[in-house]
Amino acid sequence: MKTDKNYFVHESSYIDEDVEIGEGTKIWHFCHIMNNTKIGNKCNIGQNCVIGPNVVLGNNVKVQNNVSIYEGVEIEDDVFCGPSMVFTNVINPRSHISRKHEFKKTKLCKGTTIGANATIVCGHTLGNYSFVGAGSVVTKNVPDYAMVYGNPAKIRAYVCQCGIKLTNNAKIDDNQILECECCHMKYRVKNGLLLQINDVL
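Numbering (this note's numbering), first residue to last: 918 to 1118.
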């Protein structure tokens, strides 16, 4: 068991050179963190995960068991990656053709949640506090606070930062004000997008 005053790595895991691991981060069994990867503070990496090379994770990111995060994926703070969810990084892979120069960027913005067994097709951005349902296949950008699920994933509702539904469908009207019944945070719809009320006053 490898320990450090700032972070924890289980003895069964491998950490390549030129890896940065933030304070309070925990990396559990059978993981491989590849070169030039940066992992923020207070992250939790579950069993059997591969991260990198050249990947950046923000602070307080939770990566559940059996997740591989490839080059081209950028993850901001407070993101949750559910167990066995999948990222891709090439649109048209072939075993006999190297396309490492064609990796597509995928960005998970602050607070995004991805459910178990979901697939995120590369080249898309998942907006702040968006929510991807378990088993979904994401094939396009996801707006802030949108809940998507299905194959292909479609907007089904909008959710609060705390994860509670603000609507029961995908319909939102400009200047509409939504309030979370749980934490009472308020949002306004502006130009078809959901914004915290303080952002638009």
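Where is the CB? At the ideal position from N, CA and C, for every residue including glycine.
Just so it is clear, the structure is predicted and the values come from calculations on it, not from any experiment.
Can you tell me the Cβ-Cβ gap for ALA1033 and MET1002, rounded? I've got them flagged as a contact below 8 Å. For the purposes of this step, residue 1033 is identified with residue 116 of the sequence shown, where counting begins at 1. For the purposes of this step, residue 1002 is identified with residue 85 of the sequence shown, where counting begins at 1. Rounded, the Cβ-Cβ distance is 6 Å, consistent with contact.
Whose CA, out of HIS927, GLU1096, TYR1066, ILE1089, lies closest to the CA of CYS1077? Taking the sequence shown and counting its residues from 1, the one referred to as residue 1077 is at position 160. That would be GLU1096, whose Cα lies nearest to the Cα of CYS1077.
Going by the beta-carbon positions, is the gap between ASP1061 and LEU1110 smaller than 8 Å? In the sequence shown, counting from the first residue as 1, residue 1061 sits at position 144. In the sequence shown, counting from the first residue as 1, residue 1110 sits at position 193. Against a cut-off of 8 Å, the Cβ pair of LEU1110 and ASP1061 comes out as a contact.
Going by DSSP, name the residue or residues bridged to GLU991. Numbered from 1 along the sequence shown, position 74 holds the residue referred to as residue 991. For GLU991, which the question treats as bridged, DSSP gives the partners VAL973, LYS1024.
Per-residue DSSP class, three states only, for HIS1018: Taking the sequence shown and counting its residues from 1, one reaches residue 1018 at position 101. HIS1018 falls in the helix class under three-state DSSP.
Please report the distance separating the alpha-carbon of PHE925 from that of GLY1028. The sequence position of residue 925 within the sequence shown is 8, counting from 1. The sequence position of residue 1028 within the sequence shown is 111, counting from 1. When rounded, the distance between both Cα atoms is 24 Å.
Can you grab the Cα-Cα spacing for the pair TYR1066 / ILE1072, in whole Å? If you number the sequence shown from 1, residue 1066 lands on position 149. If you number the sequence shown from 1, residue 1072 lands on position 155. The alpha-carbon atoms of TYR1066 and ILE1072 are separated by roughly 7 Å.
Looking at the structure shown, is ASN961 part of a helix, part of a strand, or coil, going by DSSP? Locating residue 961 in the sequence shown gives position 44, counting from the first residue. Reduced to three states, the DSSP call for ASN961 is strand.
Using the C-alpha atoms, what's the distance from CYS1079 back to THR1030? Position 113 of the sequence shown holds residue 1030. Position 162 of the sequence shown holds residue 1079. In a straight line, the C-alpha of THR1030 is about 11 Å away from that of CYS1079.
In the DSSP assignment, find the beta strand (DSSP E) that holds GLN1113 and state where it starts and stops. Within the sequence shown, residue 1113 is the residue found at index 196, counting from 1. 1110 to 1113 is the extent of the beta strand (DSSP E) around GLN1113.
GLU875 lies in the beta strand (DSSP E); which residues open and close that run? The requested residue 875 does not occur in the structure, where the chain is confined to residues 918 to 1118.
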